[in-house]
Amino acid sequence: MPFFAPGDDPGASFLELLRRTGNEPFGDLAQVAAAEGGLGSLEGSHATTVLAVRSSGGVVVAGDRRATSGHLISHRDMRKVFPADSYSAVAIAGAAGPAVQMVRLFQLQLEYYEKIEGKPLSLEGKANQLAEMIRAHLPQAMLGLPVVPIFAGFDLADGRGRLFQYDVTGGRYEEQDYATAGSGSLHAGTVLKLGFRDDLSEPDALALSVQALWHAADEDSATGGPDPVRGIYPVLAAIGPDGFRQLDDAESGAVFAALQADLASGGSGGGSSAHRGEVPR
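In our numbering, the protein residues as written are 13 to 293.
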């Protein structure tokens, strides 16, 4: 265990602890790429479309499962929605490898803070911590490996769901109703804009998220739709007063089956929850 003088203690920041011990979390790849004169063969997989939408009881987060490398589908079952802690989640878009590394560091940072301070960080504080990590990642982003996540959670102090968008420089912007990121974000955002209501229940928010991802996949080749043959469905998660809950494949499949039935009957995929049915728990 390293020891620090009183004025040099990194405190409750896990990122600062890594830096003080010579383990800069976002420096290695940028240094390698700069030494090579660019990215060249370092081009990796990219995660595509993710979204979050506020419901009356919290917030719903969703992401497709496709990762692309140029015009190639590099992964069909990549996970892009992760619990940050018991009451929040991160959805990643952009360069897949650095994005997953950032999520793991973020999870460790929140756990480390709670152990050092004896209490969890506020939702606002969590959003600020993620913004700091994105800022630290800027050298990699300038080399063509951007990470643009969405952060969402249930604010226990306010008793409501909140969601935050970011840009590659670490700019943090709280959104009131919904947020999207990735290559299919324009199409997904249009569906969310047209379908959002202040009184969306959790099943309605899940169904609207599924509809948004379906339309994004229909228009954007980098976004993956449901794959019943392989049993692969976009990841759906809900966060409310009881914490983070990810739907399993059977539950996600049921939401998509309801969308498919609505489309087959001539609908737009935006039927009411009475037609879609409740999501099993």
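Even glycine gets a Cβ: it sits at the ideal position worked out from N, Cα and C. Bear in mind that the values here come from a model prediction, so they are computed numbers and not experimental data.
Q. Relative to the alpha-carbon of Asp2, which residue among Ala153, Val102 and Ser68 has its alpha-carbon at the smallest distance?
A. Because the chain spans 13 through 293 in this model, residue 2 falls outside it and cannot be assessed.
Q | Those runs of the alpha helix (DSSP H) which lie wholly inside the stretch 208 to 265 and span at least 4 residues | A | Taking only runs of at least 4 residues, the alpha helix (DSSP H) segments lying wholly in the stretch 208 to 265 are 214 to 231.
Q.
For the structure I just gave you, are there three or more beta carbon pairs, one from the stretch 100 to 110 and one from the stretch 203 to 213, closer than 8 Å?
A. The stretch 100 to 110 makes no contact with the stretch 203 to 213; the number of CB pairs closer than 8 Å stays below 3.
Q.
With a threshold of 8 Å, are at least 3 pairs of Cβ atoms found where one atom belongs to the stretch 143 to 151 and the other to the stretch 126 to 133?
A. Here the stretch 143 to 151 does not lie against the stretch 126 to 133, with fewer than 3 beta-carbon pairs under 8 Å apart.
(Q) So within the stretch 77 to 113, which uninterrupted beta strand (DSSP E) runs reach at least 3 residues, ignoring any that extend past its ends? (A) The stretch 77 to 113 contains these whole beta strand (DSSP E) runs: 79 to 81, 84 to 87, 93 to 97 and 100 to 103.
Q.
In this structure, how does DSSP classify Leu175 when only helix, strand and coil are distinguished?
A. Reading the sequence shown from its first residue, position 163 is the one you call residue 175. In this structure, Leu175 counts as strand in the three-state DSSP scheme.
Q) CA-CA distance, Arg78 and Ala266? A) Counted from its first residue, the sequence shown places residue 78 at position 66. Counted from its first residue, the sequence shown places residue 266 at position 254. Per the coordinates, the alpha-carbon of Arg78 lies some 20 Å from the alpha-carbon of Ala266.
Q | Nearest-angstrom Cα separation, counted from Arg88 out to Gly183 | A | Residue mapping note: residue 183 aligns to position 171 of the sequence shown, counting from 1. Residue mapping note: residue 88 aligns to position 76 of the sequence shown, counting from 1. Gly183 and Arg88: Cα-Cα distance of roughly 30 Å.
Q.
So, for Glu136: in the same chain, excluding its five sequence neighbours on each side, which residues have a beta-carbon less than 6 Å away from its beta-carbon?
A. Residue numbering aside, residue 136 sits at position 124 when the sequence shown is read from its first letter. Same-chain partners within the cutoff: there are none.
Q: Alpha carbon to alpha carbon, how far is Phe163 from Gln177? Give it in angstroms, no decimals.
A: As a first step, residue 177 is located in the sequence shown; it is residue number 165 there, counting from the start. As a first step, residue 163 is located in the sequence shown; it is residue number 151 there, counting from the start. Looking at the two C-alpha atoms, the distance is approximately 7 Å.
Q | Reduced DSSP category for Asp189 - H, G, I as helix; E, B as strand; rest coil | A | The residue you call residue 189 lines up with position 177 of the sequence shown. Three-state result, Asp189: coil.
(Q) Tell me which residue opens and which closes the alpha helix (DSSP H) that Ala139 is part of. (A) For the purposes of this step, residue 139 is taken as the residue at position 127 of the sequence shown. Element bounds for Ala139: Leu135 to Ala148.
Q: Locate the beta strand (DSSP E) running through Ser67, then write down its first and last residues.
A: As a working mapping, residue 67 is identified with position 55 in the sequence shown. Looking at the DSSP string, the run of the beta strand (DSSP E) that includes Ser67 is Val62 to Ser67.
(Q) My output table needs one value for Ala74: the three-state DSSP class, helix, strand or coil. (A) The residue given as residue 74 occupies position 62 in the sequence shown. Ala74 carries a strand assignment under DSSP once its states are collapsed to helix, strand and coil.
Q. What do you reckon, are the CB atoms on Arg257 and Gly173 nearer than 8 Å?
A. Locating residue 257 in the sequence shown gives position 245, counting from the first residue. Locating residue 173 in the sequence shown gives position 161, counting from the first residue. With contacts defined as CB atoms closer than 8 Å, Arg257 and Gly173 fail to qualify as a contacting pair.
Q.
Among the candidates Leu175, Ala105 and Glu186, whose CA atom is the shortest distance from the CA of Glu153?
A. Start at 1 with the first residue of the sequence shown, and residue 153 comes out as number 141. It should be noted that the sequence gives Ala, not Glu, for residue 153. Nearest neighbour of Ala153 by Cα position, chosen from Leu175, Ala105 and Glu186, turns out to be Ala105.
Q: Would you kindly check if the distance between the Cβ of Pro158 and the Cβ of Val180 is under 8 Å?
A: Along the sequence shown, one-based indexing puts residue 180 at 168. Along the sequence shown, one-based indexing puts residue 158 at 146. Judged by beta-carbon spacing, Pro158 lies within the 8 Å limit of Val180, meaning their Cβ atoms are closer than that value.
Q) Ends of the beta strand (DSSP E) at Gly10? A) Absent from the model: residue 10. The displayed extent of the chain is 13 to 293, so no value can be given.
Q) Between the C-alpha atoms of Gln113 and Gly255, what's the straight-line distance to the nearest angstrom? A) By 1-based counting over the sequence shown, the position of residue 113 is 101. By 1-based counting over the sequence shown, the position of residue 255 is 243. Rounded to whole angstroms, Gln113 to Gly255 spans 23 Å at the Cα level.
Q: Between the Cα of Pro228 and those of Leu212, Tyr125, Ser86 and Thr192, spot the shortest distance and give me the residue it belongs to.
A: Sequence index remark: in the sequence shown, residue 228 carries index 216 (1-based). Here residue 228 turns out to be Ala, not Pro, going by the sequence shown. Sorting Leu212, Tyr125, Ser86 and Thr192 by C-alpha distance to the C-alpha of Ala228 places Thr192 at the top.
Q: Please list, in chain order, all residues of the same chain as Val72 whose beta carbon is under 6 Å from its beta carbon, the five residues on each side excluded.
A: For the purposes of this step, residue 72 is taken as residue 60 along the sequence shown, with counting starting at 1. Excluding five sequence positions before and after Val72, the CB atoms of its chain that fall closer than 6 Å to its own CB belong to Val65, Ala217, Leu218, Ser221 and Ala250, given in chain order.
Q. Straight-line CA distance for Asp274 to Pro151?
A. If you number the sequence shown from 1, residue 274 lands on position 262. If you number the sequence shown from 1, residue 151 lands on position 139. Spanning the two alpha carbons is a distance of roughly 46 Å.
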